[in-house]
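Student:
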Amino acid sequence: MALPQLTDEQRKAALEKAAAARHARAELREKIKKNEVTLESVLNSDDPIASRMKVSTLIESLPGYGKAKAAKIMDELGISATRRVQGLGVRQREQLLEALTK
221 MALPQLTDEQ
231 RKAALEKAAA
241 ARHARAELRE
251 KIKKNEVTLE
261 SVLNSDDPIA
271 SRMKVSTLIE
281 SLPGYGKAKA
291 AKIMDELGIS
301 ATRRVQGLGV
311 RQREQLLEAL
321 TK
């Protein structure tokens, strides 16, 4: 599937939108790291930035968790490495909260 041809203005707008989304995602990760935002609030959020975040990125944002621990937890819970927060089922959310808030 070929990408649509964008005018210079459309391309610039798309790049600005992507940069704003990356910045907002980085701010959310920093708030999670500093415990200003809880895991439960992110999992239950309607915020498009939070809901589009990969679960692995969310776990890695938690203090004391890195790529290895995040991968292990996701594997134990049967969550795909490419799964996003909005794609988690109710049971997966509960299991994730239980595993990470021991």
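Going by this note's numbering, the first residue of the sequence shown is number 221, and it counts up by one from there.
From the three backbone atoms N, C-alpha and C, an ideal C-beta is built for every residue, glycine too.
Please read these numbers as outputs of a predicted model, since none were measured by experiment.
1. Reducing DSSP to helix, strand and coil, say where R231 ends up.
2. Determine the burial state of V310: buried for a count of at least 16 other Cβ atoms within 10 Å of its Cβ, exposed for fewer.
3. Using the C-alpha atoms, what's the distance from T321 back to K230?
4. Pick from P283, R303, L235 and E236: whose alpha carbon is nearest that of V257?
5. State buried or exposed for A270, treating a residue as buried only when at least 16 other CB atoms are found within 10 Å of its CB.
6. Going by C-alpha distance, which of E250, L278 and G286 is nearest E260?
Tutor: Considering the structure as presented:
1. helix
2. exposed
3. The sequence as given places Gln at residue 230; Lys does not occur at that position. So the two alpha carbons sit approximately 44 angstroms from each other.
4. P283
5. A270 comes out buried.
6. L278
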